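Below is one structure, written out as structure tokens, with a few remarks after it.
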Amino acid sequence: MIGVDLVKNERIGGALERFGERFLRRVYTERELEYCFSTRDRVPCLAARWACKEAVLKAVYQCCGILLRLKEVEVLGERGRPARVNIRRPEALKALEPYRLVVSLSHERDYSVAVALLERR
């Protein structure tokens with residue numbers, strides 16, 4: 018199963034301006050926020066994680082019929098290393114045991130994109 022998402026960075030920047038901390042705490046985990054706020058380009062970092070969360074939600078729903086919340090998908094990574102995802106709902110983890118989840122994120126000035134692939138082990 019494949020999930021893809023593309024987001025305009027200014028959309029996430031606008032939500033951050035309008036809703037601030039409430040938006041951040043509703044969507045992102047503490048570790049995601051720590052990472053993005055340690056970077057120079059916070060908004061593209063947050064937007065890439067938003068896109069990745071959406072891509073994972075789409076792939077998981079196609080695969081297992083499970084509707085995850087954005088905050089139940091944690092996107093982690095370090096500069097120069099592939100991103101990894103933690104699913105933070107036990108029944109989804111159980112349903113996904115036969116699968117390997119691979120994600121790819123990218124961002125530039127205006128847009129962020131992510132692809133999530135679930136493949137049988």
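Heads up: the sequence shown begins at 18 in my numbering, then just goes up one per residue. Glycine residues also receive a C-beta, built at the ideal position from the N, C-alpha and C atoms. Source: prediction; values computed, not measured.
Worksheet entry | Inter-stretch contact (C-beta, 8 Å, three-pair minimum) for the region 57 to 67 and the region 108 to 115 | No: fewer than three Cβ pairs fall under 8 Å.
Worksheet item: If you compare alpha carbons, which of F40, R39, L63 is closest to V130?
Response: On the sequence shown, residue 130 is found 113 positions in, with the first residue counted as 1. V130 has its Cα closest to that of L63, out of F40, R39, L63.
Fill in: Uninterrupted alpha helix (DSSP H) stretches inside the region 34 to 70 (no shorter than 4 residues)
Residue ranges of uninterrupted alpha helix (DSSP H) with 4 or more members, entirely inside the region 34 to 70 and ordered along the chain, are 47 to 54.
Worksheet item: So V90 packs on L74, CB below 8 Å; how close in whole Å?
Response: Numbered from 1 along the sequence shown, position 73 holds the residue referred to as residue 90. Numbered from 1 along the sequence shown, position 57 holds the residue referred to as residue 74. The beta-carbon separation of V90 and L74, rounded to 7 Å, stays under the 8 Å limit for a contact.
Item to complete: Locate the beta strand (DSSP E) running through K25, then write down its first and last residues.
Response: Against the sequence shown, residue 25 aligns to sequence position 8. Going by DSSP, K25 is part of the beta strand (DSSP E) stretching over 19 to 25.
Discussion item. Assuming the contact rule is C-beta atoms closer than 8 Å, L134 and I19 should be a hit. Round their C-beta distance to whole Å, please.
Written reply: By 1-based counting over the sequence shown, the position of residue 134 is 117. By 1-based counting over the sequence shown, the position of residue 19 is 2. Rounded, the Cβ-Cβ distance is 6 Å, consistent with contact.
Worksheet item: In three-state terms, what does DSSP make of E95?
Response: By one-based count along the sequence shown, residue 95 stands at place 78. DSSP places E95 in the coil class of the three-state scheme, outside both helix and strand.
Worksheet entry | Cβ neighbour criterion (16 or more within 10 Å) applied to T56 | Reading the sequence shown from its first residue, position 39 is the one you call residue 56. Exposed, because fewer than 16 other Cβ atoms sit within 10 Å of the Cβ of T56.
Worksheet entry | Whole-angstrom C-beta distance between V44 and Y128, which should lie under 8 Å | Position 111 of the sequence shown holds residue 128. Position 27 of the sequence shown holds residue 44. About 18 Å separates the CB atoms of Y128 and V44; that is not less than 8 Å, and the two are not in contact.
Fill in: Distance between D58 and G82 (C-alpha atoms, nearest Å)
For the purposes of this step, residue 82 is taken as residue 65 along the sequence shown, with counting starting at 1. For the purposes of this step, residue 58 is taken as residue 41 along the sequence shown, with counting starting at 1. Just so you know, the alpha carbons of G82 and D58 end up roughly 35 Å apart.
Fill in: Contact belief for N26 with V60 at Cβ below 8 Å, rounded distance in angstroms
As a first step, residue 26 is located in the sequence shown; it is residue number 9 there, counting from the start. As a first step, residue 60 is located in the sequence shown; it is residue number 43 there, counting from the start. Contact flag correct, Cβ pair sits at about 5 Å.
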